[in-house]
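These notes concern the structure reproduced below.
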Amino acid sequence: MKKQDKVYDVIVVGGGPAGMMAAIQAAKLERSVLLIEKNNSLGKKLLITGSGRCNVTNTAHLNDFTKRFGKHGAFLRSAFSSFSNMDLMDFFKSKGLDLKIEDSGRVFPVTDDSKSILNVLKEFLKENNVKIMYNASLAGVKKTSGGFRLNLNLKNDEVSMNTKKVVLATGGASYRATGSAGDGFVIAEKLGHKITPLKPGSVPLKVKEAWVEDLQGISLENVGLTFKSGKKRISNKGDVIFTQFGVSGPKILDLSARVISFLEKEDEIPLLLDLKPDLGREELGVKLVEAFKIHGKTDLKNFMKFLMPNRMIPIFLKLSNVDSKKKLNQINKKERNSILNLLKAFPLKVTGCLPLEKAMVTCGGVSKKEINPQTMESKLVPGLYFAGEIIDGCAPSGGYNLQQAFSTGYLAGRSAAC
Ligand SMILES: Cc1cc2nc3c(=O)[nH]c(=O)nc-3n(C[C@H](O)[C@H](O)[C@H](O)COP(=O)(O)OP(=O)(O)OC[C@H]3O[C@@H](n4cnc5c(N)ncnc54)[C@H](O)[C@@H]3O)c2cc1C
């Protein structure tokens, strides 16, 4: 193994949003900084965020930010206060990149292109003389008297480098092809840190019903969703997309972490879809009676086209036990009620979720109990800092996770430079 004599002030491992921000901040305080990235380019995951448009943050108030991270929110308060959503927006605007606000406070670059976010970060890295080493994968970290020795695997070589401080910003363990393959968890564990169980956050759900495959690709707009677990319920409204194995869509992804926690206690969780959430049961019942009278000679299956996507009708009518060939004036009260019941509570049974690899974020990671929230420094290993998704905790979509990466990166970089 080759040894490099130079001792850096700070080595940041991981060229994602958290690592880039940490490196920029440490370098701004005039420290010699090396950023190590295992890929041949920076921000591979950042580029695919927000379907390539990058939902970079949210306009929500600090209290809402912490709420989104649930029990992990309090830990992040200092980071979000030190470098807020407004600070992040100013950071990008200072390089001439304008941002726009969309529904629910989601912030995107006006270019609708995540490359423009990455370009600003690269500009800051260059301006502050951050040295970048590509195709270098951190394999191990050893504590030394003056700091740390990092062992790196290069394409055809191995090298060890010395640094006074180290920031681990290697991300989570999902979408591994982007580089975040969970390496940081193994390294942190070897340094004595506890890694809380890694669970998928924002992930499509699987259902028991095999017929769901026939509905694959169908999107139901703004339907009601109710998950039930004992006395607990999660109710919400949003778009649902049927997939080969179950259901997806922004609202499903957002609620998935809570549903997964229900599944830790039960094998299957009922999910009821309200296909007409804007009408109460009684109101909808009255409307059906009227419509069945007016369109008495219409075939039931033709009438159903007004209520749901075509491909869903055969499955819906099979579940309702009503003969699809009947005309509306041949349908009795019991049959009409069966249709009404299904419209208000179309039942599915959630049995699981897609694997961590398919999740937008990893929930779980380096235990926050072992990290100083004011500095992001390890409480166990002085001089070691953490930033981004490697830290336990995750939020639903909306720009919160990227803000977490930038805010913790900011704090870790500045603290490591002190
Ligand atoms: C499809 C998708 C869409 C998303 N959309 C959004 C969105 O719109 N808004 C939002 O807020 N969040 C979004 N997220 C989540 C967001 O991308 C992450 O929360 C964020 O990227 C985490 O940043 P990070 O810097 O901690 O980790 P990462 O972005 O994962 O970066 C970690 C870096 O470390 C490098 N690395 C790993 N191991 C090593 C090693 N051993 N040696 C050297 N380098 C290493 C990796 O190659 C990688 O470049 C999305 C995620 C996905 C998968």
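Under the numbering used here, the sequence shown has 326 at position 325, and the numbering climbs by one with no breaks.
Note that beta-carbon positions come from the ideal geometry of N, C-alpha and C, so glycine has one too.
Between the beta-carbon of G410 and that of D393 there is about 16 Å, and that puts the pair past the 8 Å contact cut. Pairing F243 with L216 gives a Cβ-Cβ distance under 8 Å. Per DSSP, the continuous alpha helix (DSSP H) segment holding N338 begins and ends at K334 to K345.
The nearest non-hydrogen atom of ligand 1 is less than 7 Å from the C-beta of M361. Sixteen is the threshold: since fewer than 16 other Cβ atoms of the shown chains lie within 10 Å of the Cβ of A75, the residue is exposed.
Within a 10 Å sphere around the beta-carbon of F66 sit 16 or more other beta-carbons, which makes this residue buried. Distance from the CA atom of K369 to the CA atom of E210, rounded to whole angstroms, is 39 Å. Under the DSSP assignment, G247 falls in the beta strand (DSSP E) whose first and last residues are G247 to S249.
According to the DSSP assignment, I219 belongs to no alpha helix (DSSP H), since it is labelled neither H nor E.
Distance from the Cα of E103 is smallest, within the candidate group Q404, L412 and G399, for G399.
Taking C-beta separations shorter than 6 Å and ignoring five residues to either side along the sequence, the partners of G185 in its chain run L169, T171 and I391, following chain order.
The beta-bridge partner set that DSSP reports for L151 consists of V142 and M162. As the crow flies, the alpha-carbon of K165 is around 6 Å from that of Y9. Just measuring C-alpha positions, the residue of M22, S161 and D240 sitting nearest L221 is D240. With contacts defined by Cβ atoms closer than 8 Å, L385 and V167 form a contacting pair. Per DSSP, D6 lies in no alpha helix (DSSP H) segment; the continuous beta strand (DSSP E) that holds it begins and ends at K3 to V14. In this structure the segment 261–276 does not touch the segment 319–337; the number of beta carbon pairs closer than 8 Å is below three.
Taking each of K195, S262 and L272 in turn and checking the Cα distance to V208, the smallest one comes out for L272. For Y401, the secondary structure class from DSSP, reduced to helix, strand or coil, is helix. Between L381 and G141, the C-beta gap is not smaller than 8 Å, which leaves the two residues out of contact.
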